[in-house]
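Please read the structure below before turning to the comments.
Protein chains: 2
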Amino acid sequence: MTTTAVSHSDLIGASAADVRAAIRSGAYTGHTAGLAAGKLQCNLAILPEQYALDFLRFCLRNPKPCPIVGVGDSGDAKLPTLGRDIDIRTDVARYRVFRGGTLSEEVTDISDVWTADLVTVALGCSFTFENALVRHGIPVRHLETGRNVPMFKSNIDLVPAGRFGGQMVVTMRPIPAEQVDATREISRRYPQAHGAPIAVGDPATIGISDLSAPDWGDAVEIKDGEIPVYWACGVTPQNVLLDAALPICITHSPGHMLIADVAEDAETTILI
Amino acid sequence: MTTTAVSHSDLIGASAADVRAAIRSGAYTGHTAGLAAGKLQCNLAILPEQYALDFLRFCLRNPKPCPIVGVGDSGDAKLPTLGRDIDIRTDVARYRVFRGGTLSEEVTDISDVWTADLVTVALGCSFTFENALVRHGIPVRHLETGRNVPMFKSNIDLVPAGRFGGQMVVTMRPIPAEQVDATREISRRYPQAHGAPIAVGDPATIGISDLSAPDWGDAVEIKDGEIPVYWACGVTPQNVLLDAALPICITHSPGHMLIADVAEDAETTILI
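See below:
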């Protein structure tokens, strides 16, 4: 069966359901930044049920890097609290399958990999508060320059649960000094999207030696009068899952998020 | 060993740790309203590990009645993310033990009942937003009159998980019409304490036939110019646990909450 490929720009203005349909059909396999404006986008972690209780405990104990926004029944690919008719096996554009802590394959459909004991956990993503910052006239450098946000391993210990633990991954955004307070106040309104910054200023205080050499993503310029501001990052749970070396776990590929029907400024992430 | 009994008024101004110590020693067995001002108080649900994954899923899908603020390891009575040195077997003044969905005993210590497969889940409580309303000059009738908040079974369906499901229990507080918007805005700031109201006005819209006949707690007067405002209630998970008829589950007794070291207005409920 052939599907006609669509581009990112073709999907600007499309509803969350239409973007998911384009992804499900295989017509779109690209990133989701800027798509389905106003809708919650989610990081994805899929893992065997036997580890799910500890993973939920881990996320609940580390709500800034790991804000749970949805969780599926064991073996059930639906996520009705996040969106109508979501099928998690097909509705994300690109997945990474890890086996024993090693990347095994990157695929656009996990129907063949899905088993009856898998549990889906959806986690909030920084797109939500970035959109809010932009709406309030606060510059977001990596968006302005078309780059990935710079991400760094920090020395901030996570609260462990079972085999899950380690250090927090953080993102950095340079913010004009006079807008740091507003930035803190705005992002705090989104506890399901990492919330307020976890640190401001000197990177050494959180164990980062060189802001020009991120561990993931792209370095961005810090202009005169700007202060580096750090947020808990959704790569944290992916990193922790990798270290846990489960027999299998599946995540989205960076930037290729699950798009929910829930509004990103809704009080809860539960679809009504 | 004899301990000297202390009264509620003796403990006004005491720290959370000191109140817990008085409870642990057996010296205090009363309710916790008004104690350890500014600290988070929690509803309690303790259940066997085999049901814990579904119960966490249930709470995560119903965050307004069931906001998870802490979760223990299986068989571990500590809750280090909520407070230093908490021992959940002794640090709550009064517990209810249910077996097969029936109240089995009400006790002041569960050390004898505790087993290696029990999991503690702590849930946010309305004290948090009530304190905020009072600070903002919004009257809270049942507090003014020294009563329990009136609670009602509603017709609002919960999102089920495993054997957990049913309808939401709600609280009602009469609020002056001109303060309803402020009430909504203030309580929304506390997503870990039921958040914004789930309904305002006519009780029939949520399946309540008679506001003068609450299912739990005490009826309160609704004065001229006041509007009944309804919030999701922490009795919901207790009710759902009862209906699930687990072999064993343990809750706090109404009003006898776990007092955490976490500030009730902290961004997260994780002690740093």
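Chains as they are written, first to last, in our numbering: chain A, 1 to 272; chain B, 1001 to 1272. Built from N, CA and C at the ideal position, the CB exists for glycine as well. Treat the numbers as computed from the prediction; the structure is a model and nothing was measured.
Can you give me the start and stop residues for the alpha helix (DSSP H) that residue i sits inside?
i               : result
residue 1264(B) : Run containing residue 1264(B): none; DSSP gives neither H nor E here.
residue 238(A)  : 235–244
residue 1181(B) : 1180–1188
residue 1272(B) : No alpha helix (DSSP H) contains residue 1272(B), which DSSP labels as neither H nor E.
residue 103(A)  : First-last for residue 103(A): 102–107, but that is the beta strand (DSSP E), not the alpha helix (DSSP H).
residue 1171(B) : First-last for residue 1171(B): 1167–1176, but that is the beta strand (DSSP E), not the alpha helix (DSSP H).
residue 1023(B) : 1016–1024
residue 135(A)  : 127–135
residue 118(A)  : Not the alpha helix (DSSP H): residue 118(A) falls in the beta strand (DSSP E), residues 118–124.
When the cut-off is 7 Å and only beta carbons count, does residue i lie next to chain B?
i              : result
residue 258(A) : no
residue 264(A) : no
residue 47(A)  : no
residue 195(A) : yes
residue 60(A)  : yes
residue 226(A) : no
residue 176(A) : no
residue 254(A) : no
Closest to residue i by CA distance: which of the options is it?
i               : options                               : result
residue 1229(B) : 1104(B), 1130(B) and 1147(B)          : 1130(B)
residue 241(A)  : 45(A), 39(A) and 34(A)                : 45(A)
residue 1268(B) : 146(A), 196(A), 234(A) and 205(A)     : 196(A)
residue 156(A)  : 168(A), 163(A), 162(A) and 147(A)     : 168(A)
residue 183(A)  : 50(A), 204(A), 139(A) and 55(A)       : 139(A)
residue 1203(B) : 1250(B), 1142(B) and 1151(B)          : 1151(B)
residue 175(A)  : 165(A), 187(A) and 205(A)             : 187(A)
residue 1031(B) : 1154(B), 1148(B) and 1079(B)          : 1148(B)
residue 1154(B) : 1190(B), 1055(B), 1206(B) and 1062(B) : 1206(B)
residue 225(A)  : 191(A), 179(A), 218(A) and 259(A)     : 179(A)
Does residue i get closer than 7 Å to chain A when you measure Cβ to Cβ?
i               : result
residue 1057(B) : yes
residue 1159(B) : yes
residue 1071(B) : yes
residue 1108(B) : no
residue 1053(B) : yes
residue 1081(B) : yes
residue 1068(B) : yes
residue 1165(B) : no
residue 1267(B) : yes
residue 1214(B) : no
residue 1063(B) : yes
Given a threshold of 16 other Cβ atoms within 10 Å of its Cβ, counted over all protein chains shown, does residue i qualify as buried or as exposed?
i               : result
residue 1013(B) : exposed
residue 115(A)  : exposed
residue 272(A)  : exposed
residue 264(A)  : buried
residue 103(A)  : exposed
residue 50(A)   : exposed
residue 247(A)  : exposed
residue 1084(B) : exposed
residue 161(A)  : buried
residue 1234(B) : buried
residue 1070(B) : buried
residue 25(A)   : exposed
residue 1054(B) : buried
residue 1039(B) : buried
residue 973(B)  : Residue 973(B) is absent from the model: chain B starts at 1001 and stops at 1272.
residue 1213(B) : exposed
residue 36(A)   : buried
In angstroms, rounded to a whole number, what distance separates the CA positions of residue i and residue j?
i               : j               : result
residue 1092(B) : residue 1007(B) : 15 Å
residue 1158(B) : residue 1064(B) : 10 Å
residue 1108(B) : residue 22(A)   : 58 Å
residue 253(A)  : residue 113(A)  : 16 Å
residue 1146(B) : residue 1099(B) : 32 Å
residue 199(A)  : residue 261(A)  : 31 Å
residue 1135(B) : residue 1211(B) : 26 Å
residue 1010(B) : residue 1256(B) : 16 Å
residue 1015(B) : residue 96(A)   : 48 Å
residue 1089(B) : residue 141(A)  : 51 Å
residue 1048(B) : residue 74(A)   : 18 Å
residue 1266(B) : residue 1209(B) : 37 Å
residue 1033(B) : residue 1127(B) : 8 Å
residue 249(A)  : residue 1105(B) : 43 Å
residue 120(A)  : residue 1058(B) : 14 Å
Where do the ends of the beta strand (DSSP E) carrying residue i lie?
i               : result
residue 249(A)  : 249–252
residue 1155(B) : 1151–1157
residue 57(A)   : From DSSP, residue 57(A) is part of no beta strand (DSSP E) but of the alpha helix (DSSP H) over 49–61.
residue 221(A)  : That residue, residue 221(A), is in no beta strand (DSSP E); it is neither H nor E in DSSP.
residue 141(A)  : Note, residue 141(A): premise wrong, no beta strand (DSSP E); alpha helix (DSSP H) at 141–144.
residue 1232(B) : 1226–1232
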